Amino acid sequence: MPPSTSRASKVLSMKDAVAEYVRDGDTVVIEGFTHLICFSAAHEIIRQRRKGLTLCRLTPDLIYDQMIAAGCAKKLVFSWAGNPGVGSLNAFRSAVEGKGGGPLEIEEYSHFGMVARLCAGSAGLPFWPLRDFMGTDIPRANDRIKTVTCPFTGETLAAVPALRPDVTIVHAQRADEQGNTQIWGLMGVQKESAFASKNVIVVVEELVSEALIRSDPNRTLIPGIVVSAVVVEPFEAHPSYAQGYYDRDNDFYMAWEKISNTPEGFKKYLDEYVYGVSGRAEYMAKNKGLAERIKASHQVCDGVNYGF
Amino acid sequence: MEETKTNAYTQSEMMAAIAARELRDGEVVFVGIGLPNLACNLARATHAPNLLLIYESGAVGAVPDRLPVSIGDPALVTGSLMVVSMADIFQCFLQNGKIQVGFLGGAQIDRWGNINTTVVGAYGKPKVRLPGAGGASAIAISAQRTLIISKLSKRNFPEKVDFVTSPGMRYPGPGPSVQATSAPYHEVFGKTGSRRSELGMTGAGPVRVITDKCVLELDENVGEMTVSALYPGVRLEEVKAEVGWDLKARRELPLVEPPTARELTLLREKLDPKKLYLK
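Chains D and G, in that order, are what the protein sequence lines are. Letter by letter, the first sequence follows residues 165 to 472 of the working numbering. Letter by letter, the second sequence follows residues 358 to 636 of the working numbering.
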């Protein structure tokens with residue numbers, strides 16, 4: 165079902181949203197640059213045992229490493245595959261180095277290349293020009309990076325194809341039941357990913373009234389007209405974070421190296437924290453003391469006058 | 358023995374201090390995690406209080422209250438001047454020439470300052486798969502100048518990199534790992550020996566390499582690295598022994614001033630008290 169402009173609520177459970185909008189073989193974007201990475205959606209996709217997905221993200225992060233380990237991915241499209249500040253993504257490395265867990269196709273860009281692909285998708289254009297990749301071997305490893313000549317100056321620029329995912333899942337602090345979505349803090353490529361995609365699932369910490377959204381319209385990053393479903397589940401982004409709600413769990417990112425460096429470790433984690441729970445509420449209940457440990461400090465800004 | 362006397366310092370402390378001194382007050386810097394972050398915040402606390410820190414995650418004018426572990430730490434947002442999308446960071450700020458200094462590092466660096474952060478071995482069947490480009494290729498192309506920070510070793514400074522992820526002063530030709538896949542239209546991205554300005558790169562490239570033994574300098578005309586200053590107690594032969602080619606050196610080699618007591622106090626007590634990066 166394409167996004168509707170009717171006034172019916174778009175609020176669904178995570179289970180129903182994934183069942184409805186994520187199909188085997190889909191091209192999937194779960195975005196959020198360090199901030200607002202929707203782990204609970206990935207866990208639901210794993211629980212529903214989706215297969216053959218083309219997973220696209222600038223930084224695959226732990227979220228796609230878990231999906232690769234769980235067998236959801238056919239292909240990875242990315243620009244930086246590491247555990248930020250810690251080290252490697254072990255399922256990704258094992259598959260790409262031929263040490264088990266594959267096969268996994270890869271299609272590799274730079275961050276700017278991935279951003280540009282989403283800009284093209286969100287602008288309704290077939291490609292996007294950018295000044296990147298010259299003097300590097302990246303275009304030799306990825307023949308979808310081509311060149312274009314400026315018709316005005318004659319300058320040769322790199323060009324990358326539009327990325328048009330079947331479904332994008334973005335996390336946000338709050339939305340109304342129509343999917344008008346407000347984000348603050350780092351915005352990554354959330355807006356471009358949403359506009360580029362056929363369907364969008366927005367997952368929020370809080371469902372709020374349309375009146376609250378309208379009281380601060382400059383903070384709305386994604387309009388309800390591009391949103392197919394709204395899911396409400398606090399703490400969905402852990403071990404990533406939601407500015408003003410909870411901090412990044414750096415301890416978990418560090419611990420992950422040890423958890424994930426054997427297939428058995430991966431299996432144990434998935435069995436306990438993904439297959440072993442029905443959703444985020446149970447996940448949080450299993451992680452005793454977590455909510456308190458990562459609770460955000462208080463730093464509220466003064467509002468502005470929107471009057472005329 | 359981790360205990361150090363007041364005038365003793367570690368290699369990482371030296372590298373952070375030297376990198377900080379490369380920054381001028383008022384400059385706009387694209388900051389990375391680790392030593393670059395320490396160097397920028399050290400410069401801000403000493404001679405460059407008006408340094409503007411920009412992180413690829415979208416924080417502009419960040420004043421991090423804690424040491425960021427990731428490039429997207431929430432502390433980069435709190436109190437910053439502006440938060441923008443990544444499309445804005447890469448297009449309005451970086452590609453549009455607003456970034457004066459960028460920092461780079463990597464697993465392999467060649468004589469021209471080309472950097473590999475992609476694979477060791479063949480691309481299609483790597484011995485070690487590294488994270489890839491991230492923002493580095495665009496920084497290497499569009500920042501007005503870049504500083505490379507890396508410890509010296511034959512492994513880090515080989516004769517030829519396995520893959521060029523971020524361009525230096527000359528394109529060395531396709532890395533051994535991708536030669537088989539080369540297609541003719543890719544020539545426009547670089548022929549063996551192409552200079553960076555011929556390929557349309559707008560920045561001056563990696564003008565300094567800050568190592569644990571010396572500082573190296575580069576410019577597009579000369580192309581390859583030249584030793585320009587040594588650290589106290591280091592001989593030129595020791596530097597040459599850590600590099601996989603016949604390294605050039607200036608005839609006169611000044612000694613770099615070691616970190617001052619104030620720089621060391623700031624680094625140890627304020628900027629990285631848990632020694633995450635000052636190993």
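All residues carry an ideal CB built from backbone N, CA and C; glycine is no exception. Just so we're clear, the structure is a prediction, and the values are computed from it rather than from any experiment.
Query raised in the report: Listing by chain order, which chain G residues have their CB less than 7 Å from the CB of Thr198/D?
Result: Position 34 of the first sequence, counted from the start, is the residue given in the question as residue 198/D. The contacting residues are Ser414, Ser427, Ile428 and Gly429.
Query raised in the report: By Cβ distance below 7 Å, which residues in the same chain neighbour Ala400/G in space, the five residues on each side in sequence not counted?
Result: Here residue 400/G is taken as the residue at index 43 of the second sequence, counted from 1. Around Ala400/G: Ala377, Leu380 and Leu408.
Report task. Kindly indicate which three-state DSSP category Trp244/D falls into: helix, strand or coil? Result -> Looking up residue 244/D in the first sequence gives position 80. Reduced to three states, the DSSP call for Trp244/D is coil.
Query raised in the report: Which residues in the same chain have their Cβ closer than 7 Å to the Cβ of Gly547/G, if we skip the five residues on either side of it in sequence?
Result: Along the second sequence, read from residue 1 onward, the residue named residue 547/G stands at position 190. Around Gly547/G: Tyr528 and Leu556.
Query - First and last residue of the uninterrupted beta strand (DSSP E) at Asn394/G - result: As a working mapping, residue 394/G is identified with position 37 in the second sequence. Element bounds for Asn394/G: not the beta strand (DSSP E) but the alpha helix (DSSP H), Leu392 to Ala402.
Query raised in the report: How many Å lie between Ile347/D and Glu356/D at the Cα?
Result: In the first sequence, residue 347/D corresponds to position 183, counting from 1. In the first sequence, residue 356/D corresponds to position 192, counting from 1. Between Ile347/D and Glu356/D, the C-alpha separation is close to 13 Å.
Query - Through-space distance from Asp190/D to Pro290/D, alpha-carbon basis - result: Position 126 of the first sequence, counted from the start, is the residue given in the question as residue 290/D. Position 26 of the first sequence, counted from the start, is the residue given in the question as residue 190/D. Spanning the alpha carbons of Pro290/D and Asp190/D requires a straight line of approximately 20 Å.
Query raised in the report: Closer than 8 Å, CB to CB, is Ser274/D near chain G or not?
Result: In the first sequence, counting from the first residue as 1, residue 274/D sits at position 110. Interface residue, yes.
Query - Residues near Ser534/G by beta carbon distance below 7 Å, same chain, minus five either side - result: Here the question's residue 534/G lines up with position 177 in the second sequence. Once the five neighbours on either side are set aside, the close Cβ partners of Ser534/G are Val476, Gly478, Ala479, Tyr480, Asp519 and Phe520.
Query raised in the report: According to DSSP, which residues form a beta bridge with Val395/D?
Result: Within the first sequence, the letter at position 231 stands for residue 395/D. In the DSSP secondary-structure assignment, Val395/D is bridged to Val367/D.
Query raised in the report: Alpha carbon to alpha carbon, how far is Thr363/G from Gly391/G?
Result: Taking the second sequence and counting its residues from 1, the one referred to as residue 363/G is at position 6. Taking the second sequence and counting its residues from 1, the one referred to as residue 391/G is at position 34. In this prediction, Thr363/G scores a pLDDT of 46, lower than 50, which makes its location untrustworthy; no coordinate-derived value is stated.
Query raised in the report: With a CB to CB cut of under 8 Å and the five nearest residues on each side skipped, what residues in its chain are close to Glu359/G?
Result: Locating residue 359/G in the second sequence gives position 2, where the first residue counts as 1. Because the pLDDT at Glu359/G is just 41, under 50, the model does not fix this residue reliably, and the point stays unresolved.
Query raised in the report: From the beta carbon of Met351/D, is the nearest beta carbon of chain G less than 8 Å away?
Result: Numbered from 1 along the first sequence, position 187 holds the residue referred to as residue 351/D. With a threshold of 8 Å between beta carbons, Met351/D makes contact with chain G.
Query raised in the report: With 8 Å set as the bound, which would you pick, yes or no: does the beta-carbon of Gly491/G sit closer than that to a beta-carbon of chain D?
Result: Mapped onto the second sequence, residue 491/G falls at position 134. Gly491/G counts as touching chain D.
Query raised in the report: Taking Ser177/D as the reference, which of Val260/D, Phe242/D, Val367/D and Asn247/D has the closest Cα?
Result: Counting from one through the first sequence, the residue named residue 177/D turns up at place 13. Closest option to Ser177/D, judged by alpha-carbon separation, among Val260/D, Phe242/D, Val367/D and Asn247/D: Val367/D.
Query raised in the report: Which runs of the alpha helix (DSSP H) spanning at least 4 residues fall entirely within the stretch 287-363 of chain D, listed in chain order?
Result: At a cut-off of 4 residues, the continuous stretches assigned as alpha helix (DSSP H) that sit fully inside the stretch 287-363 of chain D are 302-305 and 354-360.
Report task. Determine, using beta carbons only, whether Gln457/G comes closer than 8 Å to chain D. Result -> As a position in the second sequence, residue 457/G is number 100, starting the count at 1. Among the CB atoms of chain D, none fall inside 8 Å of the CB of Gln457/G.
**Report entry** Cβ pair count under 8 Å reaching 3, the stretch 194-204 of chain D against the stretch 224-237 of chain D
**Finding:** In this structure the stretch 194-204 of chain D touches the stretch 224-237 of chain D; the number of beta carbon pairs closer than 8 Å is three or more.
Query raised in the report: Measuring CA to CA, which of Gly470/G, Ile411/G and Lys455/G is closest to Thr522/G?
Result: On the second sequence, position 165 is the one that residue 522/G refers to. Closest option to Thr522/G, Cα to Cα, is Gly470/G.
Query - With 16 other Cβ atoms within 10 Å as the buried cut-off, status of Leu633/G - result: Taking the second sequence and counting its residues from 1, the one referred to as residue 633/G is at position 276. Within 10 angstroms of the beta-carbon of Leu633/G lie fewer than 16 other beta-carbons, which makes it exposed.
Query raised in the report: For Lys627/G, which of Arg423/G, Ile411/G and Ala365/G has the nearest alpha-carbon?
Result: Within the second sequence, numbered from 1, the residue matching residue 627/G stands at position 270. The candidate whose alpha carbon is nearest that of Lys627/G is Arg423/G.
Query - Burial state of Met526/G, where buried means 16 or more other Cβ atoms lie within 10 Å - result: What you label residue 526/G is simply residue 169 of the second sequence in a count that begins at 1. Looking at its Cβ environment, which holds 16 or more other Cβ atoms inside 10 Å, Met526/G is buried.
Query raised in the report: With distances taken between CB atoms, is the gap from Asp695/G to His404/G smaller than 8 Å?
Result: Lying before the first or after the last residue shown, residue 695/G is absent from chain G, which here runs from 358 to 636.
Query raised in the report: Contact check, Tyr366/G vs Leu621/G under 8 Å by CB: the rounded distance?
Result: For the purposes of this step, residue 366/G is taken as residue 9 along the second sequence, with counting starting at 1. For the purposes of this step, residue 621/G is taken as residue 264 along the second sequence, with counting starting at 1. Rounded to the nearest angstrom, the Cβ distance from Tyr366/G to Leu621/G is 6 Å, consistent with a contact under 8 Å.
Query raised in the report: Where do the N-terminal and C-terminal ends of the alpha helix (DSSP H) with Pro427/D fall, by residue?
Result: Locating residue 427/D in the first sequence gives position 263, where the first residue counts as 1. Unbroken alpha helix (DSSP H) run through Pro427/D: Pro427 to Tyr433.
**Report entry** Residues that Val440/G contacts on chain D, provided the C-beta gap is smaller than 9 Å
**Finding:** Within the second sequence, numbered from 1, the residue matching residue 440/G stands at position 83. Under the 9 Å cutoff, chain D gives Trp348, Gly349, Leu350 and Met351.
Query raised in the report: Tell me which same chain residues have a C-beta within less than 6 Å of the C-beta of Thr361/G, skipping the five on either side of it?
Result: Numbered from 1 along the second sequence, position 4 holds the residue referred to as residue 361/G. Interpretation of Thr361/G is limited by its pLDDT of 44, a score under 50 that renders its predicted location unreliable; no figure is taken from the coordinates.
Query - Contact residues within the stretch 402-415 of chain D, judged by C-beta distance below 8 Å to chain G - result: Residues Tyr405, Gln407, Asp411, Arg412 and Asn414.
Requested in this report: Assign Leu610/G to one of three DSSP states: helix, strand, or coil.
Outcome: Sequence index remark: in the second sequence, residue 610/G carries index 253 (1-based). Leu610/G falls in the coil class under three-state DSSP.
Query raised in the report: Which class does Glu456/D belong to by DSSP, given the choice of helix, strand or coil?
Result: Walking along the first sequence from the start, residue 456/D turns up at place 292. Reduced to three states, the DSSP call for Glu456/D is helix.
Query raised in the report: If we ignore side chains and look at the alpha-carbon of each, how far apart do Gly352/D and Gly388/D end up?
Result: Along the first sequence, read from residue 1 onward, the residue named residue 352/D stands at position 188. Along the first sequence, read from residue 1 onward, the residue named residue 388/D stands at position 224. Rounded to the nearest angstrom, the two C-alpha atoms are 19 Å apart.
Report task. Pick out whichever of Arg187/D, Gly277/D and Val192/D has its Cα sitting closest to the Cα of Ile333/D. Result -> The residue labelled residue 333/D in the question sits at position 169 within the first sequence. A check of alpha carbon separations from Ile333/D across Arg187/D, Gly277/D and Val192/D identifies Val192/D as the nearest.
Query - Distance, Asp445/G Cα to Arg625/G Cα - result: Locating residue 625/G in the second sequence gives position 268, counting from the first residue. Locating residue 445/G in the second sequence gives position 88, counting from the first residue. Each residue's alpha carbon lies about 35 Å from the other.
Query - Assigned exposure category for Met372/G - 16 Cβ within 10 Å defines buried - result: Within the second sequence, numbered from 1, the residue matching residue 372/G stands at position 15. The residue is buried, with at least 16 neighbouring Cβ atoms inside 10 Å.
**Report entry** Cutoff 8 Å: Ala495/G Cβ touching any chain D Cβ
**Finding:** Here the question's residue 495/G lines up with position 138 in the second sequence. Taking Cβ atoms only, chain D reaches closer than 8 Å to Ala495/G, which makes this a yes.
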